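Written below as C-alpha coordinates is the structure these notes are about.
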Amino acid sequence: LLGNPASEIIVTAGIAVENGYTVDEFKKNIFPHPTVSEILHESLYI
(Lines of atoms letter the chains of each structure in order from A; the text may use other names.)
(Lines give C-alpha, C1' and ligand atoms only; values in the text may rest on other atoms or scores of the structure.)
Protein backbone atom coordinates (compact mmCIF):
# COMPACT_ATOMS: atom_id res chain seq x y z
CA LEU A 10 0.00 0.00 0.00
CA LEU A 11 1.29 3.40 -0.96
CA GLY A 12 0.18 6.94 -0.45
CA ASN A 13 -1.23 9.13 2.23
CA PRO A 14 -4.32 7.00 3.08
CA ALA A 15 -2.28 3.77 3.41
CA SER A 16 -1.94 4.14 7.19
CA GLU A 17 -5.71 4.39 7.59
CA ILE A 18 -6.27 1.13 5.68
CA ILE A 19 -3.44 -0.68 7.49
CA VAL A 20 -4.75 0.30 10.93
CA THR A 21 -8.30 -0.74 10.07
CA ALA A 22 -7.18 -4.11 8.71
CA GLY A 23 -4.81 -4.58 11.65
CA ILE A 24 -7.58 -4.07 14.18
CA ALA A 25 -9.69 -6.69 12.40
CA VAL A 26 -6.83 -9.20 12.32
CA GLU A 27 -5.73 -8.52 15.91
CA ASN A 28 -9.26 -9.09 17.20
CA GLY A 29 -9.87 -12.12 14.99
CA TYR A 30 -12.97 -10.63 13.40
CA THR A 31 -14.98 -12.79 11.04
CA VAL A 32 -16.48 -11.15 7.96
CA ASP A 33 -19.86 -10.89 9.71
CA GLU A 34 -18.29 -9.28 12.80
CA PHE A 35 -16.36 -6.83 10.64
CA LYS A 36 -19.57 -5.83 8.82
CA LYS A 37 -21.11 -4.81 12.16
CA ASN A 38 -18.48 -2.10 12.70
CA ILE A 39 -19.38 1.50 12.02
CA PHE A 40 -17.16 3.35 9.57
CA PRO A 41 -17.26 7.13 9.23
CA HIS A 42 -18.12 8.59 5.83
CA PRO A 43 -16.25 9.69 3.77
CA THR A 44 -13.05 7.86 4.66
CA VAL A 45 -10.66 5.60 2.82
CA SER A 46 -11.10 2.80 5.36
CA GLU A 47 -14.74 2.69 4.34
CA ILE A 48 -13.49 0.87 1.22
CA LEU A 49 -12.69 -2.19 3.36
CA HIS A 50 -16.19 -2.20 4.79
CA GLU A 51 -17.87 -1.78 1.41
CA SER A 52 -15.76 -4.55 -0.14
CA LEU A 53 -17.32 -7.09 2.22
CA TYR A 54 -20.67 -6.67 0.48
CA ILE A 55 -19.42 -7.58 -3.01
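All residue numbers for the sequence shown refer to the working numbering, where the first residue is 10 and numbers rise by one.
Even glycine gets a Cβ: it sits at the ideal position worked out from N, Cα and C.
Values in this document were obtained by computation on a predicted structure and should not be read as measured data.
Any idea what DSSP makes of residue 19, helix, strand or coil?
helix
Once DSSP output is grouped into helix, strand and coil, what is the label at residue 49?
helix
Does the separation of the CB atoms of residue 49 and residue 21 fall below 8 Å?
yes
Following the continuous alpha helix (DSSP H) through residue 36, name the residue where it begins and the one where it ends.
32-36
Grab me the residues of residue 17's own chain with a C-beta within less than 7 Å of its C-beta, minus the 5 sequence neighbours each way, in chain order.
44, 45, 46
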